[in-house]
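In what follows, a structure is listed as structure tokens, so that the remarks can point back to it.
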Amino acid sequence: NYYRDVNRLLHAVQKNATKGDPRSVVKAIDNFCRQKEWAMNVGDEKGCILDSVVSEVNPVTVLELGTYCGYSTVRIASLLPPRAKIITLEFNPDYAKIARQVIAWAGLEDKIQVVEGPSGEWIPKMKEQFGVKTFDLVFLDHWKDRYLPDTKLLEDCGLLRKGTILLADNVICPGTPDYLEYVRNSPRYKSQYFKSHLEYTKAEDGLEKSVFLG
Ligand SMILES: Cc1cc(-c2n[nH]c(CCNC(=O)c3cc(-c4ccc(F)cc4)cc(O)c3O)n2)ccn1
Ligand SMILES: [Mg+2]
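Residues in the sequence shown are numbered from 221 upward in steps of one, following this note's numbering.
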């Protein structure tokens, strides 16, 4: 079952990665997923695009929707300035448990807050619960039919500011057609597509980077 799979991924990290070395954690997961079992991490190819966007934005406050095993959380956190923080939402408690251990192995627990539960419930509580004003970067990697409603929710809750970057995974596979249509046609966003492949496969996928114009 799913839980045993993610448990094997965690053991691969603890066996092959150096404690406190985020890049070795990322490498260990990519090797495991390429050689042993596919998993829905953003992966190494799209991960490089993620790295370049994070480095360009240099965010202080990051929201990640969809933690899974914490692969992209570790990738992002390893590039952040010292006092920067990531809040990452995970719906599945088993995944959240694994993610916390992967994040701890990377030594990044001080920069990352893993929150369990549905995005629709947590987004309206961000300000009061976590003292967030606005996000500099949002990485959308959760349920594909939640990208659009949650983007509208982030707007309505005043969590986006002029220049906030939304970076969305899987806009081709599994696909987020309603979200793509919205960010590409709304006058409130400037969007750009980065063509790539579904993690660890040859199938087309890509990341959509959208700047909120206010
Ligand atoms: C509602 C809510 C939800 C969440 C939440 N937490 N964790 C997630 C994970 C979601 N991710 C995916 O489903 C996903 C799937 C594929 C895939 C699968 C099967 C294929 F055949 C091809 C591709 C590939 C990917 O890259 C993905 O990211 N959502 C958190 C909070 N609130
Ligand atoms: Mg994804």
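Each residue gets a CB set at the ideal place from its N, CA and C atoms; glycine is no exception.
Can you tell which of the options has the C-alpha that lies nearest to the C-alpha of residue i?
i, options, result
"Q321", "L229, Y420, C393 and G434", "L229"
"L418", "Q412, V431 and I392", "I392"
"G240", "I385, V226 and I323", "I323"
"Q255", "A232, I269, V358 and C268", "A232"
"V352", "L427, N261, T308 and W258", "T308"
Please confirm whether any heavy atom of ligand 2 lies closer than 7 Å to the CB of residue i.
i, result
"N312", "no"
"V391", "no"
Output the boundary residues of the alpha helix (DSSP H) element that contains residue i.
i, result
"S275", "G263 to V277"
"L299", "No alpha helix (DSSP H) holds L299; DSSP gives it neither H nor E."
"K415", "K415 -> not in any alpha helix (DSSP H); beta strand (DSSP E) instead, spanning Y409 to H417."
"E336", "First-last for E336: I332 to E336, but that is the beta strand (DSSP E), not the alpha helix (DSSP H)."
"I343", "Unbroken run through I343: none, as it is neither H nor E."
"N405", "P397 to N405"
"P369", "Y367 to D376"
"I392", "It is not in any alpha helix (DSSP H) - I392 carries neither H nor E in the DSSP assignment."
Starting from the C-beta of residue i, find all residues in its chain whose C-beta is less than 7 Å away, skip the five residues before and the five after it, and write them out in chain order.
i, result
"Y367", "L360, A388, T396 and Y399"
"Y223", "D314"
"L433", "K382, R408, Y409 and K410"
Measuring only from the beta carbon, is residue i closer than 7 Å to any heavy atom that is part of ligand 1?
i, result
"S416", "no"
"D361", "yes"
"M260", "yes"
"Y288", "yes"
"R366", "yes"
"L309", "yes"
"L285", "yes"
"P394", "yes"
"P301", "no"
"Y409", "no"
"Y420", "no"
"Y315", "yes"
Take residue i and list the residues in its own chain whose beta-carbon comes closer than 6 Å to its own, dropping the five residues that flank it on each side.
i, result
"N236", "A248"
"G263", "E419 and Y420"
"S430", "L386, V403, Y409 and S411"
"Y413", "G426 and E428"
For residue i, which beta-bridge partners are listed by DSSP?
i, result
"K305", "T281"
First and last residue of the beta strand (DSSP E) that includes residue i?
i, result
"G426", "E424 to F432"
"R381", "L380 to A388"
"F311", "From DSSP, F311 is part of no beta strand (DSSP E); its letter is neither H nor E."
"L360", "F355 to L360"
Ignore the nearest five residues each way along the sequence and tell me which others in residue i's own chain have a CB closer than 8 Å to its CB.
i, result
"K415", "E424 and G426"
"D225", "E257 and A259"
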